[in-house]
Amino acid sequence: MLAILSGTDIYDQRDKPAYERFEVNPQYAENRHILKWWTPDHDALLARLIAEKQWVWFWYATEGIVTLTHAKQIDDWKRNDPLCQRYAWYNVLMYFAAARAQQIGLTRNIRRPRWKRCLLCKHKFVENSLPLPLIERLGIDKLDFCAPCLRGAVLQGSGNDTAPRTTVLKYLKKLSDIIGRVPPQNFGEGTADLRDLTRDGRVELLRLLQNKPTVKCVKSHFGSWLNALIKAGVLEDGTRKTSRGIQTIAIDGHVCLSLGEKTIDDFLHKRGIRHTKEPGYPEGGYRADFKIDDVLIEYFGLAGNPDYDKKIQEKTSICEKHGIALIAIYAKDLMSQERLEEKLSPLAVKNAANTTPNRTRKKPRGG
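This is the structure in structure tokens:
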């Protein structure tokens, strides 16, 4: 089964699918130009997409197939398949994938969308009434909120343009408390912002986001998002922009050269994990972001930049050469407290063991 957009506003409905359904002609699966390079690995890809994405799996099919297939094979196919001269090649590939999945019985594994009661408004809704952008934010097995409740909280450009100054300050402080870190501009609108939160955490956050001020509103009151965070007490006064990012002060007084560093420093401080800031490497003149006992911690916030990636490799090589344990933290690891907790949990356990008093049994007097 495939789907196309329905004629109604798909973000306003709860009781019917966001997309209309239609059968794919089985003949699409007989495309000899695609079958020429199709392999069992491609069938396995379709099976995996169906398991992970259920009734919206086909939206991911074309990208997955292209990633799995050699570029020359794709180029040759697009050039030689007559259907690609008549229709967009990515649609031809998607229709083939849908027909192929039907033909070999994979679509039988798609579960029936369930009726649920929204945790925010308490109205009943059917899971497939959620459009794809909302499903991506929640995850196919965590669809606990209806589209009307989510549209004003997580879609780009949503929010209140006229929220008063005091409301903005309270919002930013509360947002920071809920997510446990400095909130970036437009937080809540990213596809991964809700993904790692607990069910209760999502409810709390979404209730707040339903009444969020827009970035435009925040800047109209305070000139910039950064200044608003300072005025709200989320960042300390003295925070400033530098060529490397935003220099600010952690709760324990450490100077941090980015908001990512501050997030990690505050995380360690709140858990009583003793740490050293900017320890040196044994060679190369490099400094790490943190050191806990004999473990170095680096926040590689600019990974993806060629020059920066070269420095990451050099630091990693030095640690391997000298037998130094290195924990590398990337931007994705700061998406939630849960991710950061998972990354640093071994250190928390070790720290607790090192700081637990030695409760030995006292020897009785006179014994």
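Be aware that the sequence shown starts at 67, since it is given in the working numbering, and climbs by one per residue. C-beta atoms are modelled at their ideal positions from N, C-alpha and C, and glycine is treated no differently.
Within the model, the alpha-carbon separation for residue 282 versus residue 227 is close to 7 Å. With respect to the 8 Å criterion, residue 175 and residue 83 are not classified as neighbours on the basis of their beta carbons. Between residue 339 and the set 359, 353 and 324, the nearest pair of CA atoms involves 359. DSSP places residue 226 within a strand segment (E or B) once states are collapsed to three. In terms of Cβ geometry, residue 355 and residue 344 form a close pair [threshold 8 Å]. Ranking 135, 113 and 78 by CA distance to the CA of residue 101 puts 135 first.
Assigned with DSSP and collapsed to three states, residue 90 falls in coil, not helix or strand. Annotation for residue 149: 158 place their beta carbon closer than 6 Å to its own, counting only its chain and skipping 5 residues before and after.
The C-alpha of residue 210 is placed about 10 Å away from the C-alpha of residue 188. Ranked by Cα distance from residue 257, the options 240, 235 and 198 are led by 198. In the three-state scheme derived from DSSP, where H, G and I count as helix and E and B as strand, residue 289 is classed as coil. Residue 394 is bridged by DSSP to 364. Excluding sequence positions up to five before and after residue 220, its CB lies within less than 8 Å of the CB of 200, 203, 254, 255, 259, 260, 272 and 275, all in the same chain and listed in chain order. Beta-bridge pairing by DSSP links residue 183 to 190. By a beta-carbon distance limit of 8 Å, residue 78 contacts residue 214. Their separation comes to about 6 Å. Contact between the region 176-187 and the region 106-114 is absent: fewer than 3 CB-CB pairs across the two stretches fall below 8 Å. With contacts defined by Cβ atoms closer than 8 Å, residue 144 and residue 225 do not form a contacting pair. If you draw a straight line from the Cα of residue 319 to the Cα of residue 341, it is about 12 Å long. Check the Cα spacing between residue 132 and each of 117, 155, 113 and 118: the tightest is with 155. Counting only runs that start and end inside the region 94-151, the alpha helix (DSSP H) elements of at least 4 residues fall at 98-101, 106-119, 127-134 and 137-146.
Measuring C-alpha to C-alpha distances from residue 353 to each of 385, 307, 186 and 153 identifies 385 as the nearest. With contacts defined as CB atoms closer than 8 Å, residue 323 and residue 248 fail to qualify as a contacting pair. Residues of the same chain with a CB within less than 6 Å of the CB of residue 166, apart from the 5 flanking positions on each side, are 95 in chain order. By alpha-carbon distance to residue 161, the top candidate from 170, 173 and 128 is 128. In this structure, residue 366 places its C-beta atom within 8 Å of the C-beta atom of residue 396. Secondary structure of residue 315 (DSSP, three-state): strand. Bounds of any beta strand (DSSP E) do not take in residue 280, whose DSSP letter is neither H nor E.
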